[in-house]
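**Q** Numbering (this note's numbering), first residue to last: 20 to 274.
This is the structure I want to talk about, given as structure tokens.
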């Protein structure tokens, strides 16, 4: 990787056809720093759950989902519990599809088998071309809304944001947080609106929902997820998720 200001530019070596596959096991809590690729990338985990952050958007990807990342888009990739990741790099001038923005992709059983087939060493170019052509035809975006929130920069608001990120179930009110950081509730509320573009309550909801996605991807029951991210009842969590995303939690990864 070559450092370019605050961004690393990581280029995959050229391959005989459109796609170059990389593979690696990521330990728990491992993150690649902010970087970009001149190639398009398909980020996918054959095992475990990976997370890709693009600006304020956060994409959580179990093995049934991948993320198309257009070339030149700055992003971070990592995992909470560990994952077996595939980095699939696509040469833009050889690619028949062009998603202009990051897009979650559906990984069906056939798509998974094609990923594994193309990632195997020693496949001749003609066979690769045929398999890639089929894979390109099968790439199917899933219409979902990414979840995430821009962090504030003011030290007082940042301290509150860090507490909620570390523990989304923290029940303290805006007034209680304001007292903890030696400011007024009105000032703290204004800081969140000015620096994140949303109210404190909306920001906290986004953080709670973002924290719930890896748990949802791992298959935890809704009742357990709700309590771990700060909702008193499963129905309250489901209602908040549906309002923010447009689908129920159960359909986010399966619909």
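Glycine included, every Cβ here is placed at the ideal spot set by N, Cα and C.
Quick caveat: nothing in here was measured; it's all calculated off a predicted structure.
Would you decide whether residue 166 is buried or exposed? Buried here means 16 or more other CB atoms lie within 10 Å of its CB.
**A** Residue 166 should be labelled buried.
**Q** Please report the straight-line C-alpha distance between residue 246 and residue 82, rounded to a whole angstrom.
**A** Cα to Cα, residue 246 sits roughly 25 Å from residue 82.
**Q** Determine contact between the region 139-153 and the region 228-242, defined as no fewer than three beta-carbon pairs at a distance below 8 Å.
**A** Flag = no, the region 139-153 and the region 228-242 do not touch.
**Q** Roughly how far, in whole angstroms, is the beta-carbon of residue 210 from the beta-carbon of residue 175, given that I think they are within contact range, below 8 Å?
**A** At roughly 7 Å, the Cβ-Cβ gap stays under 8 Å, so residue 210 and residue 175 are in contact.
**Q** Classify residue 44: buried if its beta carbon has 16 or more other beta carbons within 10 angstroms, exposed otherwise.
**A** Classification for residue 44: exposed.
**Q** Can you tell me which of 125, 170, 92, 196 puts its alpha carbon nearest to the alpha carbon of residue 54?
**A** The residue with the shortest Cα to Cα distance from residue 54 is 92.
**Q** Taking the C-alpha atoms as reference points, what is the distance between residue 130 and residue 46?
**A** Straight-line Cα distance between these residues: approximately 25 Å.
**Q** Using a Cβ-Cβ cut-off of 6 Å (strictly less than) and excluding sequence neighbours within five positions of residue 108, which residues of its own chain qualify?
**A** Hits under 6 Å: 31, 39, 58, 60.
**Q** Do you know offhand how far residue 56's Cα is from residue 201's?
**A** Going from the Cα of residue 56 to the Cα of residue 201 covers about 43 Å.
**Q** At which residues does the alpha helix (DSSP H) containing residue 151 begin and terminate?
**A** Residues 144-157.
**Q** Suppose you measure from the CA of residue 96 to the CA of residue 71; what does that come to, to the nearest Å?
**A** Distance between the alpha carbons of residue 96 and residue 71: 4 Å.
**Q** Assuming residue 161 contacts residue 125 under a Cβ cut-off of 8 Å, what Cβ separation, rounded to an integer in Å, is found between them?
**A** Residue 161 to residue 125, Cβ: 5 Å. Contact.
**Q** Quick one: Cα of residue 62 to Cα of residue 86, how far?
**A** If I take the Cα positions, the gap works out to 5 Å.
**Q** Quick one, which of 170, 153, 76, 67 has its alpha-carbon nearest residue 215's?
**A** Measuring from the Cα of residue 215, the nearest candidate turns out to be 170.
**Q** For the alpha helix (DSSP H) containing residue 206, list its first residue and its last residue.
**A** From DSSP, the alpha helix (DSSP H) with residue 206 extends over 204-215.
**Q** DSSP puts residue 138 in a beta bridge; with which residues?
**A** Looking at the DSSP assignment, residue 138 forms no beta bridge with any residue, so it has no partner.
**Q** Please name the residue or residues paired with residue 160 in a DSSP beta bridge.
**A** DSSP lists 124 as partners of residue 160.
**Q** To the nearest angstrom, report how far apart residue 263 and residue 147 are at their CA atoms.
**A** Their Cα atoms are separated by approximately 41 Å.
**Q** Can you name the residues that DSSP bridges to residue 45?
**A** In the DSSP output, where bridge partners are listed per residue, residue 45 has 102.
**Q** Just the C-alpha distance for residue 193 and residue 199, rounded to the nearest angstrom, thanks.
**A** The straight-line gap from Cα to Cα measures roughly 10 Å.
**Q** If you follow the beta strand (DSSP E) that residue 58 is in, where does it begin and where does it stop?
**A** Element bounds for residue 58: n/a, residue is neither H nor E.
**Q** Take residue 67 as the anchor and find which of 234, 248, 249 has the nearest alpha-carbon.
**A** For residue 67, the nearest C-alpha among the options comes from 234.
**Q** In angstroms with no decimal places, state the Cα-to-Cα distance between residue 251 and residue 33.
**A** Near 52 Å, if we compare the C-alpha coordinates of residue 33 and residue 251.
**Q** By Cβ distance below 7 Å, which residues in the same chain neighbour residue 182 in space, the five residues on each side in sequence not counted?
**A** So the list reads 189, once near-sequence residues are dropped.
**Q** For residue 180, which residues from the same chain have a beta carbon less than 6 Å from its beta carbon, with the 5 sequence-adjacent residues on both sides left out?
**A** Here the set comprises 170, 171.
**Q** Comparing C-alpha positions only, which one of 98, 35, 79, 94 sits nearest to residue 272?
**A** Nearest of 98, 35, 79, 94 to residue 272, Cα basis: 79.
**Q** The alpha helix (DSSP H) with residue 195 in it runs from where to where?
**A** Residue 195 -> alpha helix (DSSP H) spans 193-199.
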